[in-house]
Amino acid sequence: MGGKTPFAWVARAFRVPGEERRSLVQITKATAAAVIAWIVATAVLRLPQPFLAPYAAVFLVQATVYRSLRGWAQQVGAVSVGVLLAAGAGQVIPSVTVALGLVIFVGLLIGSWRGFGDSGVWVGITGMLLISYGNATEPVLLADRLLETALGAAIGAVLNAVILPPLHGERLRAATSRLASAIADVLDKTAELVRGAETTDGLDDRMEDVRSLVAEAEDAIGWTREGRYLNLRGRRETREEPLANLVSLWHPLAQLIDAVSEAARSEQPFRHPGEHARGVVGDLLEALAEVARSGDPDKLDRCRELLGEIDHLLVTPTDEVTTSIGLGAMALPARRLVQRLRAD
Numbered sequence: 001m002g003g004k005t006p007f008a009w010v011a012r013a014f015r016v017p018g019e020e021r022r023s024l025v026q027i028t029k030a031t032a033a034a035v036i037a038w039i040v041a042t043a044v045l046r047l048p049q050p051f052l053a054p055y056a057a058v059f060l061v062q063a064t065v066y067r068s069l070r071g072w073a074q075q076v077g078a079v080s081v082g083v084l085l086a087a088g089a090g091q092v093i094p095s096v097t098v099a100l101g102l103v104i105f106v107g108l109l110i111g112s113w114r115g116f117g118d119s120g121v122w123v124g125i126t127g128m129l130l131i132s133y134g135n136a137t138e139p140v141l142l143a144d145r146l147l148e149t150a151l152g153a154a155i156g157a158v159l160n161a162v163i164l165p166p167l168h169g170e171r172l173r174a175a176t177s178r179l180a181s182a183i184a185d186v187l188d189k190t191a192e193l194v195r196g197a198e199t200t201d202g203l204d205d206r207m208e209d210v211r212s213l214v215a216e217a218e219d220a221i222g223w224t225r226e227g228r229y230l231n232l233r234g235r236r237e238t239r240e241e242p243l244a245n246l247v248s249l250w251h252p253l254a255q256l257i258d259a260v261s262e263a264a265r266s267e268q269p270f271r272h273p274g275e276h277a278r279g280v281v282g283d284l285l286e287a288l289a290e291v292a293r294s295g296d297p298d299k300l301d302r303c304r305e306l307l308g309e310i311d312h313l314l315v316t317p318t319d320e321v322t323t324s325i326g327l328g329a330m331a332l333p334a335r336r337l338v339q340r341l342r343a344d
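And the structure:
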């Protein structure tokens with residue numbers, strides 16, 4: 001739980017529409033679903049020992065509406081198989097101990113099928129509970145277990161889909177901000193390195209940070225897209241295109257860093273762009289960093305001008321002809337960065 005104290009976490013949930021508030025809403029819905037499932041199972045249907053109803057309801061308030069509905073089908077299916085397994089074992093195996101061991105083993109084995117997802121463990125657990133409680137030979141009680149599981153799971157899934165269905169816009173926005181800042185920092189650091197004012201120390205660590213944030217961004221995009229499925233609020237969700245655009249910068253950025261680092265470490269003079277060329281590349285990287293931070297496509301005009309100047313340096317004979325190899329290695333990924341940013 002974030003925050004220095006639970007009270008600070010709760011206060012932030014009420015004050016800021018962020019991760020804490022989303023968690024609090026989901027916790028409240030899970031609690032309400034469990035209570036409603038218990039009331040319906042006991043007061044309305046009068047089921048004996050309906051412990052599976054609130055249990056199933058809690059676990060069906062998932063992070064997305066799609067997962068809730070998929071989880072409902074998986075859980076009901078898993079419990080149904082567990083009930084049938086327990087019923088079969090109870091009829092043919094007189095020893096409770098032997099039946100228990102067999103049901104658990106076979107149930108967990110069947111539950112490992114990926115079609116059951118996270119609910120697969122319920123095959124073995126349901127069979128174990130029914131055998132140990134002595135209900136495996138009582139058809140009425142077996143039917144009750146199925147009914148209460150389906151009831152609880154349905155209440156949890158419906159409540160999650162109807163009342164403030166979860167979205168992940170704040171996660172998407174946070175990932176966008178962090179990745180944009182990290183990419184801009186790497187570009188600024190690389191600009192200083194190109195000009196000779198910095199060394200490569202720490203650059204690899206910064207690139208690892210960017211790589212980690214790219215993985216986080218891809219995960220956030222996946223959650224956001226899934227969060228829209230069957231979601232009544234999905235159309236108001238934050239667009240993921242700006243973050244996807246930043247993710248697409250990873251490969252050309254890595255290529256650029258490799259080219260700059262190799263030139264900085266090389267002892268062969270022909271691999272080093274001349275001082276004027278390095279200044280132009282440094283200006284381009286700083287301009288790209290500014291675009292990454294602001295997301296303003298209008299600022300790409302300066303980047304295009306600098307790319308044009310680099311192209312001119314590559315095709316125009318100068319006293320630094322031997323330095324064009326290093327400059328060309330930097331120019332290609334830099335051009336790709338400009339092209340990818342332009343697509344935003």
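Sequential numbering from 1 applies to the sequence shown in full-length UniProt numbering.
Here a beta-carbon is modelled for each residue, glycine too, at the ideal position from N, C-alpha and C.
query                                                                                                                                         : result
Contacts around valine 171, its chain only, beta-carbon distance under 6 angstroms, and the 5 residues preceding and following it disregarded : As written in the sequence, residue 171 is arginine, which differs from the valine given in the question. Once the five neighbours on either side are set aside, the close Cβ partners of arginine 171 are Ala220.
Residues of its chain near isoleucine 110, where Cβ-Cβ distance is below 7 angstroms and the 5 sequence neighbours each way are ignored       : Val81 and Val123
Nearest candidate by alpha-carbon position, reference asparagine 160, set Gln339, Lys29 and Leu24                                             : Lys29
Among Ala289, Trp72 and Asp296, the one whose alpha carbon lies nearest that of proline 242                                                   : Asp296
Where valine 194 sits in the DSSP three-state scheme                                                                                          : helix
Straight-line Cα distance separating threonine 149 from threonine 74                                                                          : Checking the sequence, you will find glutamine at residue 74 rather than threonine. About 11 angstroms.
Beta-carbon gap between isoleucine 155 and isoleucine 36 smaller than 9 angstroms                                                             : yes
Valine 321 to leucine 327 span [Cα, whole Å]                                                                                                  : Interpretation of valine 321 is limited by its pLDDT of 47, a score under 50 that renders its predicted location unreliable; no figure is taken from the coordinates.
Same chain, Cβ closer than 8 angstroms to valine 210, five either side skipped, listed in chain order                                         : Leu179, Ala182, Ile183, Val186, Trp250 and Leu253
Whether leucine 307 touches leucine 284 by CB criterion (9 angstroms)                                                                         : yes
Alpha-carbon spacing of threonine 126 relative to glycine 71, whole angstroms                                                                 : 16 angstroms
Euclidean distance between Cα positions of threonine 5 and phenylalanine 14                                                                   : 15 angstroms
Simplified DSSP state of glutamine 75, which is helix, strand or coil                                                                         : helix
Cβ-Cβ distance between alanine 34 and glycine 134 below 9 angstroms                                                                           : no
Where valine 61 sits in the DSSP three-state scheme                                                                                           : coil
Within 9 angstroms, strictly: CB atoms of leucine 130 and leucine 147                                                                         : no
Span of the alpha helix (DSSP H), counted from its first residue to its last, around alanine 277                                              : 275-294
Assigned secondary structure, glutamate 138 (DSSP; H/G/I helix, E/B strand, else coil)                                                        : coil
Residue burial classification, alanine 215 (beta-carbon count within 10 angstroms, cutoff 16)                                                 : exposed
Min CB distance alanine 32 to chain B below 9 angstroms                                                                                       : The structure shown contains no chain B; it holds only a single protein chain.
Pair within 9 angstroms by beta-carbon distance, leucine 300 and leucine 341                                                                  : yes
Beta-carbon proximity list for threonine 144, same chain, < 6 angstroms, skipping 5 on both sides                                             : First, the amino acid is wrong: residue 144 is aspartate here, not threonine. Taken in chain order, the residues that qualify are Leu47.
Where the alpha helix (DSSP H) containing glutamine 255 begins and where it ends                                                              : 250-265
Residue span of the alpha helix (DSSP H) that contains isoleucine 163, given as start and end                                                 : It is not in any alpha helix (DSSP H) - isoleucine 163 carries neither H nor E in the DSSP assignment.
Element boundaries [alpha helix (DSSP H), containing tryptophan 122]                                                                          : 121-133
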